[in-house]
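Visitor:
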Amino acid sequence: MSAAEVEAKITELIERSGDVPTCTHVLLFVQHMLKKECIPMTETQWISLVSHISFMVHRSVHGGRIPTIDKAMFDEVSRHSINLAESVCHLLPCLQEDEKYLLSIHFESAKRTNEGGN
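Numbering-wise (the UniProt record's numbering), the sequence shown opens with residue 1 and increments by one.
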């Protein structure tokens with residue numbers, strides 16, 4: 001994808017959130033957090049994360065719910081990644097606790113990619 005196509009895709013995803021200011025705020029928080037934690041993301045990982053956060057914002061605004069998940073499926077996700085995800089989830093009201101587990105996969109994947117694990 002060209003830089004313009006990536007920007008257009010990200011803008012589209014943010015607009016789908018139903019709350020552009022909140023979505024933008026959360027994404028800026030995540031960018032800062034990733035930089036602080038030295039966790040770079042590939043373009044594909046970033047677009048996937050933006051999509052996920054956009055849907056989280058939408059669920060927060062509109063009271064949407066995700067199916068209950070089996071937390072045991074996330075046993076191999078580091079506590080660090082889960083904590084990062086939890087700090088993001090705390091920015092949005094009305095989210096289920098399970099959201100942090102799904103979000104943590106994005107951080108874990110980026111960490112493993114940078115460690116040469118994937």
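Using N, Cα and C, we set each Cβ at its ideal position, and we do this for glycine too.
Could you compute how far the alpha carbon of Phe74 sits from the alpha carbon of Val30?
Guide: Along the sequence shown, one-based indexing puts residue 74 at 74. Along the sequence shown, one-based indexing puts residue 30 at 30. Taking the straight line from one Cα to the other gives about 21 Å.
Visitor: State the start and end residues of the unbroken alpha helix (DSSP H) segment that holds Ile53.
Guide: Here residue 53 is taken as the residue at index 53 of the sequence shown, counted from 1. Residues Glu43 to His62.
Visitor: So the candidates are Glu5, Lys111 and Ala4; which of them puts its Cα closest to the Cα of Ala78?
Guide: Translated into positions along the sequence shown, residue 78 becomes position 78. The sequence shown places Ser at residue 78, rather than the Ala named in the question. Of the candidates Glu5, Lys111 and Ala4, the one whose C-alpha sits nearest the C-alpha of Ser78 is Lys111.
Visitor: With a threshold of 8 Å, are at least 3 pairs of Cβ atoms found where one atom belongs to the stretch 87 to 102 and the other to the stretch 57 to 74?
Guide: Contact holds: three or more Cβ-Cβ distances are below 8 Å.
Visitor: Assuming His90 is part of the alpha helix (DSSP H), what are its boundary residues?
Guide: Position 90 of the sequence shown, counted from the first residue, corresponds to residue 90. Element bounds for His90: n/a, residue is neither H nor E.
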